[in-house]
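Structure first, commentary second.
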Amino acid sequence: MKFLVILLLPMTFLFASEYYAKVEPVEIRDISSNVSGLVISADEKNLGKTLSSESYIKIDSELDEKELKYIKSKLEYLQNTVVANEEIVKNLESSLVRKRTNYKRVEGLKIKSQVEKDKEYYDLINSENQLLSTQKEIQSLKVQITDLKLREAVLKRSVSDKNLKANGFVLYELNVKPGQVVNLSTPLAKVADISKAKLTIYLNRDDLSGAQNKVVYINEKKTEYKISRVVNIADSKNISKYMAQIIIDSPNVFSNLVKIELKDE
């Protein structure tokens, strides 16, 4: 019996740093809808394929695109109107310089009747009011332009959110079909970044210290990989275990189970 206990102790020590992990894409994104609308296209033929710059899901954006065109035209009109009014302001300011000078000259002339002087005064006041009115109109137009630009930005964001793209990612899961109406937060798809892979293991407390400096063996073969990140807070599901991840080169096939050993140099 004593011999058996002595024999088991080295074996326990030998496997203390042995873990198993599934080879997963370095990132999997859950894509939910930021908008409401009718799904125009969602091709299941793209499942498992690397996506291009083309939309892999399209939600109806026809009205948004039409409104964007109207806003663009209206912005151009308002901006041209502002430019024209600013020219009018320059002319009015130039005219007012002379009118003020003329009024001061007429005001002191005894040969001019009070009626004539009042006429010059009212003409000056009207011109000043016209200047103020034009300046006020310019400010109002600029507020309209600012509001339209904000609306334009919202519509552009909406159109973008209705044409989902994930260039370079693999379409991992598709949760909608053409003809389906989606609302805000409706799950649409999952896409995966397979440029790299990750192995997630849950370390024993004894392996936590200096884990990122240990040599990583995968399926009993020494590698150049290192633990990329360690969470120094015990996992909520794997009690008294600490999550660690190893980033490795992308394999030909994902999801296979591999054995990982952590050893000192």
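Numbering-wise (our numbering), the sequence shown opens with residue 919 and increments by one.
In this text, a Cβ means the ideal position worked out from N, Cα and C, and glycines have one as well.
Only a predicted model underlies this, so the values are computations on that prediction, with no experimental measurement involved.
(Q) Am I right that V1109 and L1180 are in contact with their C-beta atoms under 8 Å? What's the rounded C-beta distance? (A) Contact annotation, V1109 with L1180: C-beta distance approximately 31 Å; criterion of less than 8 Å not satisfied.
Q. What is the DSSP secondary structure of D1182, counted as helix, strand or coil?
A. The answer is coil: DSSP assigns D1182 none of H, G, I, E or B.
Q) On the three-state DSSP scale, how would you describe V1163? A) First, the amino acid is wrong: residue 1163 is Gln here, not Val. Q1163 falls in the strand class under three-state DSSP.
Q: Classify A1071 as buried or exposed, calling it buried when 16 or more other Cβ atoms lie within 10 Å of its own Cβ.
A: exposed
Q | Proximal residues to K920 (C-beta, below 8 Å), its chain only, five neighbours per side dropped | A | Model confidence at K920 stands at a pLDDT of 42, short of 50, so the residue's coordinates are unreliable and nothing is read from them.
Q. Enumerated in chain order, which unbroken segments of the beta strand (DSSP E) with a length of 3 residues or greater are wholly contained in the segment 973-1058?
A. Segments of the beta strand (DSSP E) lying fully in the segment 973-1058: 975-977.
**Q.** C-alpha distance - L1050 paired with R1018, whole-angstrom precision
**A.** Put simply, the backbone Cα of L1050 is about 16 Å away from that of R1018.
Q) In whole angstroms, what is the alpha-carbon distance linking D1079 and V953? A) 7 Å
(Q) Which same chain residues end up closer than 8 Å to N1150 when comparing Cβ atoms and leaving out the 5 residues on each side of it in sequence? (A) L1126 and Y1160
**Q.** From N1020, I946 and S950, residue whose alpha carbon lies closest to that of V1094
**A.** Comparing Cα-Cα distances from V1094 to each of N1020, I946 and S950, the minimum goes to S950.
Q.
As a quick exercise: from E1091, P1169, E1055 and D1153, pick the residue whose alpha carbon is nearest that of G966.
A. E1091
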